[in-house]
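Numbered per my numbering, the sequence shown spans residues 82 to 243. A short write-up of the structure that comes next.
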Amino acid sequence: MLTALSLALEGELLLVPAVAASAAGSIGGDLVAYGVGRVAGSRRDDARQGDGRIARAIAWVDERDEQWGPGLVVGGRFVPGGTTAVGITAGVVRFPFRRFVTFSLLGAALWTAYGVGLAYLGSTVFPSGWWVGTLVAVALGLAFAGLVRWRDARKRSDNDSD
């Protein structure tokens, strides 16, 4: 997304189709994840009967779906792997499809605006070429994802030692 939007801002691609493709890709990813969750959700009742981590997670989400749903559907895309996790979970717990699509559209608009802003910032900070900003954005994204994984592993390790 960032590469296409950066190229569009430099005039190498048309801006409107690049923005539309970004938003459509975001919504498409949400819908695929939701569909996977609906298919996987057919096994939800079996999983709920267990006493493991999955059963506890399903119970937690079921109790909070009205509270968490809108915010996570919109904001999940800003966390690495969040769109997939939120979409699948929404499908599994049978979050209402119309509400899911509504918040997916809002999230896609915000995500695309964020991408345009980052691409603009990158072209301003790195005027030598779109690829420099893209490499920095990818490096920052990977660093953020690594930091999140490290923190989660550390948290699990701390919980295991209790």
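Ideal Cβ placement from N, Cα and C applies to all residues, glycine included. Quantities reported herein were computed from a predicted structural model and do not represent experimental measurements.
Test item: CB-CB of residue i and residue j under 8 Å
i, j, result
"V100", "T193", "yes"
"A85", "S103", "yes"
"S204", "S87", "yes"
"L153", "V174", "no"
Reduced DSSP secondary structure (H/G/I, E/B, other) of residue i
i, result
"G172", "helix"
"L153", "helix"
"F207", "coil"
"V100", "helix"
"G162", "coil"
"S185", "helix"
Chain-order list of residues whose beta-carbon lies under 7 Å from that of residue i (same chain, five-residue window excluded)
i, result
"V155", "F184, L187, G188 and L191"
"L83", "G196, L199, A200, T215 and A218"
8 Å CB neighbourhood of residue i in its chain, flanking five on each side removed
i, result
"L216", "none"
"G116", "G172"
"F225", "P161"
Same chain, Cβ closer than 6 Å to residue i, five either side skipped, listed in chain order
i, result
"L96", "A89"
"G163", "G157"
8 Å Cβ cutoff, residue i in contact with chain C
i, result
"S103", "As a matter of chain content, chain C is missing from the structure shown, which is built from one protein chain."
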